[in-house]
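Peer 1: Be aware that the sequence shown starts at 72, since it is given in the working numbering, and climbs by one per residue.
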Amino acid sequence: MYYLNAISATASFAEGNYFEAFDTACTAIAMAELNGYRGISGPADLHYIRARSLLEFSRTQEALEAFKLVRAIATESKQKVWFILADGYLLRHQILEGKVQEAFDGIKAQRETLQTLSPGHELDTLVDANEAFLRYTVKDYDRVLLLLDRMPEGHFVSRFKPLVLERQGKKIPEDFLKNLPERTPREKIFKFLADAESVADREKEALGHLRKCLDLAALYGARETLLRQKPEILNLIIKSSGERPTVYLEELARSAAERLKRQDQTRAGVSEALTRREIEILKNLSTGKPISAIGSSLHVSQNTMKTHLRNIYRKLEADGRHSAVEKAKSLFII
């Protein structure tokens with residue numbers, strides 16, 4: 072019965088039925104504790120599903136404690152997969168709090184851990200996903216695309232890549248919306264959100280898509296997915312709540328309003344994205360070449376080099392060449 076519940080919880084979470092996944096995972100965890108299951112037979116996977124569900128319910132502090140528990144269990148039982156997954160979400164929370172350096176130090180530690188393992192572990196993809204989230208937050212979109220291109224195709228890549236292309240000002244493939252799957256609640260919610268965003272300038276039409284999304288979200292327990300949308304969607308959520316007041320929508324609208332107020336503060340600790348040329352100059356700075364020689368090799372005039380350097384130092388919050396290079400290395404920019 073324990074293993075059936077474990078499989079059921081995993082399947083429910085994958086489909087986006089967060090209420091059922093949470094309840095089933097908690098039931099299976101209780102069974103594991105009752106029977107004394109430990110190590111590889113222990114419930115690290117179920118604690119992870121519980122943590123992810125709590126995060127989706129926007130019960131952030133409970134989720135963070137749950138992820139720490141998963142990490143502790145995984146460390147004791149030497150299950151690297153669950154350690155990296157749980158640690159990744161803790162790192163994401165750090166960067167959302169503006170603790171950029173601490174988060175990237177965590178990614179570096181994860182990669183160092185992988186180097187101690189035997190070849191063929193295939194855990195690099197998990198670390199790549201963690202780093203991609205951090206890079207996206209600090210607007211290093213070129214690095215995000217590099218990471219996504221070496222990851223296997225799946226929900227994460229198909230959902231993430233269009234967001235990056237959009238942030239870069241590039242055109243999203245015309246068939247993107249048309250090809251989005253609609254099999255599971257998770258996929259349907261994402262599809263309705265994408266539809267609403269695509270017509271955000273036509274409020275009536277956008278609200279129609281969003282209502283379908285909100286109905287499913289209320290039924291299956293989705294919340295955080297909605298609260299991490301763009302301001303246009305958050306404002307539509309608030310408007311929809313006023314038109315159809317329910318307990319779920321009123322609570323969601325209050326949270327959406329809070330997120331809108333916090334967005335500027337959340338982004339305050341994040342650096343402005345470096346341009347391709349600025350990154351190229353940074354790489355040359357790390358070689359120790361004189362500024363004049365770098366400018367000549369890149370066919371950049373002295374005045375333009377000065378402008379690039381001012382922008383680099385400002386964006387990295389550095390006081391000179393050495394600190395800019397060190398900061399760029401610590402953030403894996405070079």
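Note that beta-carbon positions come from the ideal geometry of N, C-alpha and C, so glycine has one too.
Sort Ser124, Arg130 and Asp158 by Cα distance to Leu140 and report the nearest one.
Peer 2: Of Ser124, Arg130 and Asp158, the residue nearest in Cα terms is Asp158.
Peer 1: Start and end of the alpha helix (DSSP H) containing Asp220?
Peer 2: Counting along the chain, the alpha helix (DSSP H) containing Asp220 begins and ends at Tyr212 to Asp220.
Peer 1: Take Thr337 and list the residues in its own chain whose beta-carbon comes closer than 7 Å to its own, dropping the five residues that flank it on each side.
Peer 2: For Thr337, the predicted model reports a pLDDT of 46, less than 50, meaning its position is unreliable and no value from the coordinates is stated.
Peer 1: Leaving out the 5 sequence neighbours to the left and right, which residues in its chain are closer than 8 Å to His379 when beta-carbon positions are compared?
Peer 2: Within the same chain, His379 has close Cβ partners Arg348, Glu349, Ile352 and Val371.
Peer 1: Would you say the region 178-186 touches the region 208-225, given that touching needs at least three Cβ pairs under 8 Å?
Peer 2: They do not touch, by the three-pair rule.
Peer 1: Here's a check: name, in chain order, each residue in its chain whose Cβ is nearer than 6 Å to the Cβ of Phe84, leaving out the five neighbours to either side.
Peer 2: Excluding positions up to five away in sequence, the list reads Ala92 and Ile120.
Peer 1: When the Cα atoms are used, what is the spatial distance from Ser148 to Ala293?
Peer 2: Roughly 31 Å between the two C-alpha positions.
Peer 1: Which residue comes first and which comes last in the alpha helix (DSSP H) that contains Thr358?
Peer 2: Per DSSP, Thr358 belongs to no alpha helix (DSSP H) and is neither H nor E.
Peer 1: Should Ile155 be labelled buried (16 or more other beta-carbon atoms within 10 Å of its own) or exposed?
Peer 2: So Ile155 ends up on the buried side.
Peer 1: Measure how close the beta-carbons of Asn201 and Leu162 come, nearest whole angstrom, since I'm counting them as under 8 Å.
Peer 2: At roughly 6 Å, the Cβ-Cβ gap stays under 8 Å, so Asn201 and Leu162 are in contact.
Peer 1: Given this structure, state the Cα-to-Cα distance separating Leu305 from Ala134, to the nearest angstrom.
Peer 2: If I take the Cα positions, the gap works out to 23 Å.
Peer 1: Quick check: what's the CA-CA separation for Leu218 versus Pro316?
Peer 2: Going by the C-alpha atoms only, they are around 42 Å apart.
Peer 1: My guess is that Thr296 and Glu127 are in contact by the Cβ rule of under 8 Å, so how many angstroms apart are they, rounded?
Peer 2: Indeed they touch by this definition, with Cβ atoms about 7 Å apart.
Peer 1: Measure the alpha-carbon distance for Ala324 versus Val318 and round it to whole angstroms.
Peer 2: If I take the Cα positions, the gap works out to 10 Å.
Peer 1: In three-state terms, what does DSSP make of Lys149?
Peer 2: Correct three-state label for Lys149: coil.
Peer 1: Assign Gly225 to one of two classes, buried (16 or more other C-beta atoms within 10 Å of its C-beta) or exposed (fewer than that).
Peer 2: It is exposed - the Cβ of Gly225 has fewer than 16 other Cβ atoms within 10 Å.
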